[in-house]
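Right, one structure below, let's go through it.
In this note's numbering, the protein residues as written are 45 to 205.
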């Protein structure tokens, strides 16, 4: 292996632990958001007067127009959107980094190293995809709920004008 290839391999290896840590945090966030989402579903089933973030914002800021409310929708959904997009990317990174040492293990006949590296790689991608799936589901339904609420507020704002 040449100097450049060896350097790139060592540099990419430095990112494995940080990527695993970020994936663990993302997985915890996904579980938290899924729990919040399920709680919100229960609230919606039990009460017609459930928490409506845009309505609450409009009550606090009656001067807000539709553009401000649309911005609030984006702000509300942004963390979910970011996590749903970067989780698979980080999963791919966490899969590819151990593949180099695994392939080196195959070449040298060290199959225990191959098994350890492949186990870490596939575990990371599974966690990443589970996280992205949970967050994407929450994002999709929340987006619909917020757009429905925005539509109701738009009608109310039009009637006030």
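Idealized CB from N, CA, C, for every residue including glycine.
Here the structure is a predicted model, which means the values were calculated and not measured.
>> Using a 10 Å radius around the Cβ and a threshold of 16 neighbouring Cβ atoms, would you call residue 135 buried or exposed?
In response: Translated into the one-based positions of the chain shown, residue 135 becomes position 91. Counting Cβ neighbours within 10 Å, residue 135 comes out buried, since at least 16 surround it.
> My guess is that residue 173 and residue 113 are in contact by the Cβ rule of under 8 Å, so how many angstroms apart are they, rounded?
Replying inline: On the chain shown, residue 173 is found 129 positions in, with the first residue counted as 1. On the chain shown, residue 113 is found 69 positions in, with the first residue counted as 1. Wrong, their Cβ atoms sit about 33 Å apart, outside the cutoff.
>> Mapping the DSSP letters down to three states, classify residue 202 as helix, strand or coil.
In response: Translated into positions along the chain shown, residue 202 becomes position 158. In the structure shown, residue 202 sits in a helix (DSSP, three-state: H, G or I).
>> Once the 5 residues before and after residue 87 are set aside, which same chain residues still bring their CB inside 8 Å of it?
In response: Position 43 of the chain shown holds residue 87. Around residue 87: 94, 95.
> Which ranges does the alpha helix (DSSP H) cover as unbroken runs of at least 4 residues, wholly within the stretch 50-138, from first to last along the chain?
Replying inline: 60-90, 97-104
> Which same chain residues, not among the five before or five after residue 63, have their C-beta less than 6 Å away from its C-beta?
Replying inline: For the purposes of this step, residue 63 is taken as residue 19 along the chain shown, with counting starting at 1. Once the five neighbours on either side are set aside, the close Cβ partners of residue 63 are 134, 137, 138.
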